[in-house]
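Have a look at the structure below, then the notes.
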Amino acid sequence: MNLLRRLKDVNRDRRRQTLFRVKVAVLFIVLLPLAVSYSDNKSYLSVSNKTGYYLHVIVDGSPYLYIAPDLEVVHESDPKQEFFVRVFYSPGQDARESITRTIYVPFYSTSTSCSSNSSGGWSCSETPERGGSVLWVITADTMLVQPE
Amino acid sequence: MIKILDFVKISPTLLVLIMAASVSSANGTEMWGKKWSAGFYAGYAFSTGGWKESRYAEGVNRFNTDFSFALDISMKVSRDISIGFQTIYLNLDTDEWVDYVRSQGDGLWADAECWVTPLTLSHSVFRDNRNLVSILAGMGLAFSSGNESYMGITYETDFMRGADFTFVTGVDYNLVLKPPLALSLHGTLVFIPSGIHYADGEEHTIIAMPLVVGARFYF
Chain A
264 MNLLRRLKDV
274 NRDRRRQTLF
284 RVKVAVLFIV
294 LLPLAVSYSD
304 NKSYLSVSNK
314 TGYYLHVIVD
324 GSPYLYIAPD
334 LEVVHESDPK
344 QEFFVRVFYS
354 PGQDARESIT
364 RTIYVPFYST
374 STSCSSNSSG
384 GWSCSETPER
394 GGSVLWVITA
404 DTMLVQPE
Chain B
2 MIKILDFVKI
12 SPTLLVLIMA
22 ASVSSANGTE
32 MWGKKWSAGF
42 YAGYAFSTGG
52 WKESRYAEGV
62 NRFNTDFSFA
72 LDISMKVSRD
82 ISIGFQTIYL
92 NLDTDEWVDY
102 VRSQGDGLWA
112 DAECWVTPLT
122 LSHSVFRDNR
132 NLVSILAGMG
142 LAFSSGNESY
152 MGITYETDFM
162 RGADFTFVTG
172 VDYNLVLKPP
182 LALSLHGTLV
192 FIPSGIHYAD
202 GEEHTIIAMP
212 LVVGARFYF
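Sequence order for the protein chains is A and B. Here my numbering = 1-based position in the first sequence + 263. Here my numbering = 1-based position in the second sequence + 1.
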């Protein structure tokens, strides 16, 4: 009888252990995207369309097409200092202005900071380069300005 | 000279005529029991829904479905149930859109296409010694792509790029010709939720119904 009970206890413990591992794995999977987003060092350019027409926006060769009036798109990239942007009215709207701009964004290069530690030495840590974000609002007037 | 595209478009008609001429009193009872079957089909895809429409030119379609072709391979897992893999090609015609844009004084060139690749489960609902009818359902991935050329530059259409989840359902009709060959007619309903996804957040479900005819081999 005792042996049977002990076997049952062992089985129950194993089930609990398995269940615990599954819970930890699920929690890890759920939290992983948050961890990734918080450690995000990318550069962002948001382009907001306030022209009243649909727009085609091409950022560093990536197209964002038929952007509706009053809506915006976000382009992300590895940390960088500038985006090369071309904007024109989407076809078939009887509006043909086109502009080309270089948009500068905040950029923080790699830095190293050191401080003395309790044992009298120095401990240093390196901060990786990271990008910033910029919002560019495009109006009908913006489209009238001659290209750079 | 007939171009490849024209040949693909007229091939279903030719195929049906050739096959209809060769229909005999062949018995497919044994053929329907074979473990594997595979086929090639071509035809026309019908479509519906807001995904086709231009975002701002009222009454103008940005896309129209056009000719379609399909390949599939299927394996029986029981008397009536088979699992299979399909590849369906949908040509997305942009002529109406391009013509509209040109009528507004702009020069535009555009093209688009979609490949649908579902895993399917089919169940035969009727069979006799000459006919076999099955219904099927499946899911998989759809790969859409397109290009535009405007204002002197050519770019990919970002709103239909990459892989999207897809569901399909449909009906197959097979008529035994001469074992191991059958004339096969497929009507498939394809759903691609978020098949069209503009960068500003607007999304549409692609709904298309390729109706294709072709040859199916049982082995």
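The C-beta atom is built at its ideal place from N, Cα and C for all residues, glycine as well.
Residue range of the unbroken beta strand (DSSP E) whose run includes residue i
i: A:S382; result: Note, A:S382: premise wrong, no beta strand (DSSP E); not H, not E.
i: A:L407; result: From DSSP, A:L407 is part of no beta strand (DSSP E) but of the alpha helix (DSSP H) over A403 to L407.
i: A:S340; result: E335 to S340
i: B:S195; result: L182 to H198
i: B:D112; result: L109 to R128
i: B:V169; result: G163 to K179
i: A:F351; result: E345 to Y352
i: B:G215; result: E204 to Y219
i: B:N28; result: Unbroken run through B:N28: none, as it is neither H nor E.
i: A:K313; result: S306 to K313
Partners in chain B for residue i, counting only beta-carbon separations shorter than 8 Å
i: A:E335; result: D201
i: A:I321; result: I154 and Y156
i: A:I330; result: Y199, A200 and D201
Reduced DSSP secondary structure (H/G/I, E/B, other) of residue i
i: A:S396; result: strand
i: B:G147; result: strand
i: A:D323; result: coil
i: B:E97; result: helix
i: B:V78; result: coil
i: A:V287; result: helix
i: B:K35; result: coil
i: A:Q280; result: helix
i: A:V368; result: coil
i: A:N274; result: helix
i: B:V61; result: coil
i: B:G153; result: coil
i: B:G51; result: helix
i: A:N265; result: helix
i: A:D357; result: coil
i: B:D159; result: helix
i: B:D201; result: coil
Distance between beta carbons of residue j and residue i, contact taken as under 8 Å
i: B:L190; j: B:V169; result: 7 Å
i: A:W399; j: A:L308; result: 7 Å
i: A:S340; j: A:S306; result: 5 Å
i: A:R364; j: A:I321; result: Incorrect: roughly 11 Å between the Cβ atoms, too far for contact.
i: B:R56; j: A:A331; result: 7 Å
i: B:K77; j: B:F64; result: Contact flag wrong, Cβ pair sits at about 37 Å.
i: A:F283; j: A:H319; result: About 53 Å; that fails the 8 Å criterion.
i: B:S38; j: B:Y219; result: 5 Å
Beta-carbon neighbours of residue i, restricted to chain A and to distances below 9 Å
i: B:Y219; result: Under the 9 Å cutoff, chain A gives no residues; its nearest Cβ is about 44 Å from B:Y219.
i: B:D67; result: Result: empty, since nearest Cβ-Cβ is about 21 Å, beyond 9 Å.
Closer than 7 Å: residue i CB and nearest the ligand FAD heavy atom
i: A:G383; result: The ligand FAD is not part of the structure shown, which contains no ligands of any sort.
Where residue i meets chain A, residues with beta-carbon distance less than 7 Å
i: B:E157; result: P326
i: B:F144; result: None at all; the shortest Cβ gap to chain A is about 18 Å.
i: B:F86; result: Result: empty, since nearest Cβ-Cβ is about 29 Å, beyond 7 Å.
Contacts that residue i makes with chain B (C-beta to C-beta distance below 7 Å)
i: A:S234; result: With chain A represented from 264 up to 411, any question about residue 234 of chain A goes unanswered, as that position is not in the structure.
i: A:Y317; result: R56 and Y57
i: A:F351; result: M152
Chain A contact residues for residue i, given Cβ-Cβ distances below 8 Å
i: B:D107; result: P354, G355 and R359
i: B:V102; result: P354 and G355
i: B:F160; result: L328 and Y329
Inter-stretch contact (C-beta, 8 Å, three-pair minimum) for the stretch 144 to 156 of chain B and the stretch 174 to 181 of chain B: Because the criterion of three Cβ pairs below 8 Å is not met, the stretch 144 to 156 of chain B and the stretch 174 to 181 of chain B do not touch.
Validate contact between the stretch 195 to 205 of chain B and the stretch 321 to 330 of chain A using beta carbons, cut 8 Å, 3 pairs: yes
Stretch-stretch touch, CB-based, cutoff 8 Å, three pairs: the stretch 119 to 126 of chain B with the stretch 77 to 89 of chain B: Segment contact: the stretch 119 to 126 of chain B against the stretch 77 to 89 of chain B, three or more CB-CB distances shorter than 8 Å; contact assigned.
Inter-stretch contact (C-beta, 8 Å, three-pair minimum) for the stretch 349 to 366 of chain A and the stretch 101 to 118 of chain B: Below 8 Å, enough C-beta pairs join the stretch 349 to 366 of chain A and the stretch 101 to 118 of chain B to call them touching: three or more.
Three-pair Cβ contact test at 8 Å for the stretch 211 to 218 of chain B versus the stretch 41 to 52 of chain B: Touching, yes, given that three or more Cβ pairs across the two stretches are closer than 8 Å.
At least three beta-carbon pairs within less than 8 Å, the stretch 96 to 103 of chain B to the stretch 130 to 146 of chain B: Short answer: they don't touch.
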